[in-house]
Amino acid sequence: MVPSSTQKEAPQSDTPTFARYATEDFVQGAGVAIFHIASARVVVCSAVDRRVGKYYFLPKGRRDAGEDTRAGAEREGYEEVRREQACPQPNPHPHPYPAITTQRKLANKRPPAQSGYRNRVLPLPSPHHQPQAHPRLTAPPTTAEPIWIQLMPLARNTKQYLLFWYIAETLPPSAEGALETGPDEPYKTPPAYPAGLTLAERVVQEPAGYEPRHHEGTGVDAEEAAYESRLVGVEEAVGLLGGTDGVMADVVRRGWEGIRLRWRMEEEGGEVPERFESPEQLAEAKRDTTLRSVRGEGS
Numbered sequence: 560m561v562p563s564s565t566q567k568e569a570p571q572s573d574t575p576t577f578a579r580y581a582t583e584d585f586v587q588g589a590g591v592a593i594f595h596i597a598s599a600r601v602v603v604c605s606a607v608d609r610r611v612g613k614y615y616f617l618p619k620g621r622r623d624a625g626e627d628t629r630a631g632a633e634r635e636g637y638e639e640v641r642r643e644q645a646c647p648q649p650n651p652h653p654h655p656y657p658a659i660t661t662q663r664k665l666a667n668k669r670p671p672a673q674s675g676y677r678n679r680v681l682p683l684p685s686p687h688h689q690p691q692a693h694p695r696l697t698a699p700p701t702t703a704e705p706i707w708i709q710l711m712p713l714a715r716n717t718k719q720y721l722l723f724w725y726i727a728e729t730l731p732p733s734a735e736g737a738l739e740t741g742p743d744e745p746y747k748t749p750p751a752y753p754a755g756l757t758l759a760e761r762v763v764q765e766p767a768g769y770e771p772r773h774h775e776g777t778g779v780d781a782e783e784a785a786y787e788s789r790l791v792g793v794e795e796a797v798g799l800l801g802g803t804d805g806v807m808a809d810v811v812r813r814g815w816e817g818i819r820l821r822w823r824m825e826e827e828g829g830e831v832p833e834r835f836e837s838p839e840q841l842a843e844a845k846r847d848t849t850l851r852s853v854r855g856e857g858s
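Residue numbering for the sequence shown follows our numbering, beginning at 560 and increasing consecutively.
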């Protein structure tokens with residue numbers, strides 16, 4: 560089971576409301592919880608404020624102009640973290656599934672260096688209200704929709720910030736090489752999570768003891784250069800984030816629960832099928848069955 564502290568009461572959505580903002584009065588951003596599935600850990604960032612001391616958060620930031628929100632979340636996860644000097648702590652809790660192990664070896668101690676984790680959004684069986692693309696013949700069992708949305712005032716309450724939270728995973732070693740860039744080259748978007756790839760198959764793409772790579776020099780400004788990050792167990796992450804922002808703690812909770820649910824679905828069904836019957840397809844089938852019954856046709 561997931562550690563007990565992840566079962567804290569989750570924050571509740573606010574009452575739906577009406578609001579309107581012209582283009583010069585709002586900013587869109589994206590944040591991400593990046594999981595290393597094999598070791599049941601998630602990336603948590605930290606910084607020091609002179610008034611409140613050290614605080615913890617998930618990677619987040621404004622999306623670039625013309626950038627897709629999901630791509631912005633992945634990029635922020637790469638740019639807005641820096642490695643802490645202390646080693647990541649081993650996960651002290653047994654993994655919920657035997658095929659996901661905690662074989663990871665502790666990384667060697669390294670001095671702080673501005674760096675980030677490459678990542679990609681992870682499709683999960685999470686509830687949402689977005690329609691399927693036309694023609695709506697099938698509904699995929701997993702999606703990479705935002706897990707939370709936050710609205711926050713900016714610039715002394717003169718601008719509205721819309722923040723979309725996503726769930727992602729660290730990249731396998733085979734995907735890292737093609738994304739290498741030089742100091743003055745633009746960020747490269749990682750390939751999407753492959754359709755039909757189970758989480759168990761994804762885990763074995765990493766050698767025993769593999770530690771997700773931290774990339775040096777990824778921050779884009781002085782503020783990000785002061786951030787630190789580390790991979791921590793799910794329980795520890797929820798504890799660190801719960802005192803600063805209930806939504807961020809719930810992003811981690813929901814992300815890990817979604818990973819566990821997808822893993823269970825794949826174990827019980829062999830794999831997550833790429834095509835499910837959609838509500839429209841089921842309604843059409845029901846209508847045809849009713850018509851055949853009225854006409855007295857056999858099944």
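Glycine included, each C-beta is placed from N, C-alpha and C at the ideal position.
DSSP-derived helix/strand/coil call for T757: As a first step, residue 757 is located in the sequence shown; it is residue number 198 there, counting from the start. The answer is coil: DSSP assigns T757 none of H, G, I, E or B.
contact_flag[the stretch 615-622, the stretch 589-602] where n(CB pairs < 8 Å) is 3 or more: Contact between the stretch 615-622 and the stretch 589-602 is present, because at least three Cβ pairs lie under 8 Å.
P749, buried or exposed, once every other Cβ within 10 Å from all chains shown has been counted against 16: Position 190 of the sequence shown, counted from the start, is the residue given in the question as residue 749. Flag for P749 reads buried.
Y615: first and last residue of the uninterrupted alpha helix (DSSP H) it sits in: As a working mapping, residue 615 is identified with position 56 in the sequence shown. Note, Y615: premise wrong, no alpha helix (DSSP H); beta strand (DSSP E) at G612 to F616.
Bridge-paired residues (DSSP) for K619: Indexing the sequence shown from 1 puts residue 619 at position 60. The partner list for K619 (beta bridge, DSSP) reads G590.
Local Cβ density within 10 Å of I708, reported as buried at 16 or more and exposed below that: As a position in the sequence shown, residue 708 is number 149, starting the count at 1. I708 is exposed by the Cβ-count criterion.
Residues near G631 by beta carbon distance below 6 Å, same chain, minus five either side: For the purposes of this step, residue 631 is taken as the residue at position 72 of the sequence shown. Correct list, in chain order: A589 and R622.
Opposing strand residues paired with R600 [DSSP bridges]: Numbered from its first residue, the sequence shown carries residue 600 at position 41. Per the DSSP secondary-structure output, R600 pairs in a beta bridge with H595 and G792.
8 Å Cβ cutoff met for L758 and R821: Translated into the one-based positions of the sequence shown, residue 758 becomes position 199. Translated into the one-based positions of the sequence shown, residue 821 becomes position 262. For L758 and R821, yes; Cβs fall inside 8 Å.
Buried or exposed by the 16-neighbour rule on C-beta atoms within 10 Å, applied to H693: Taking the first residue of the sequence shown as position 1, residue 693 is located at position 134. So H693 counts as exposed.
Of the residues V811, E583 and H595, the one placed nearest L713, counting alpha carbons only: Locating residue 713 in the sequence shown gives position 154, where the first residue counts as 1. Considering only alpha carbons, the answer is E583.
Cα-Cα separation, P686 to R677: Position 127 of the sequence shown, counting from 1, holds the residue named residue 686. Position 118 of the sequence shown, counting from 1, holds the residue named residue 677. Distance between the alpha carbons of P686 and R677: 26 Å.
Sequence-distant residues of its chain with Cβ nearer than 6 Å to V607 (five each side left out): On the sequence shown, position 48 is the one that residue 607 refers to. Excluding positions up to five away in sequence, the list reads K613.
Expected contact under 8 Å - CB spacing of A578 and R812 to nearest Å: In the sequence shown, the residue the question calls residue 578 occupies position 19. In the sequence shown, the residue the question calls residue 812 occupies position 253. No, A578 and R812 are not in contact; Cβ-Cβ is about 28 Å, not under 8 Å.
Range of the contiguous alpha helix (DSSP H) that encloses L820: In the sequence shown, residue 820 corresponds to position 261, counting from 1. Residues G805 to G828.
Alpha carbon of S572 to alpha carbon of W724, nearest angstrom: In the sequence shown, the residue the question calls residue 572 occupies position 13. In the sequence shown, the residue the question calls residue 724 occupies position 165. In a straight line, the C-alpha of S572 is about 14 Å away from that of W724.
Identified DSSP bridge partners for P712: For the purposes of this step, residue 712 is taken as the residue at position 153 of the sequence shown. DSSP lists Q719 as partners of P712.
For A808 and V797, the rounded distance between their alpha carbons: Walking along the sequence shown from the start, residue 797 turns up at place 238. Walking along the sequence shown from the start, residue 808 turns up at place 249. Distance between the alpha carbons of V797 and A808: 5 Å.
Straight-line Cα distance separating M711 from A581: If you number the sequence shown from 1, residue 581 lands on position 22. If you number the sequence shown from 1, residue 711 lands on position 152. Rounded to whole angstroms, A581 to M711 spans 16 Å at the Cα level.
Alpha-carbon spacing of E760 relative to R610, whole angstroms: Residue numbering aside, residue 760 sits at position 201 when the sequence shown is read from its first letter. Residue numbering aside, residue 610 sits at position 51 when the sequence shown is read from its first letter. Each residue's Cα considered, the two are about 46 Å apart.
Exposed unless 16 or more other CB atoms sit within 10 angstroms - verdict on V763: Sequence index remark: in the sequence shown, residue 763 carries index 204 (1-based). So V763 ends up on the exposed side.
Segment limits, alpha helix (DSSP H) that includes R629: Within the sequence shown, residue 629 is the residue found at index 70, counting from 1. Segment T628 to E638, the alpha helix (DSSP H) holding R629.
DSSP three-state assignment for E770, whether helix, strand or coil: Your numbering for residue 770 matches position 211 in the sequence shown. Reduced to three states, the DSSP call for E770 is coil.
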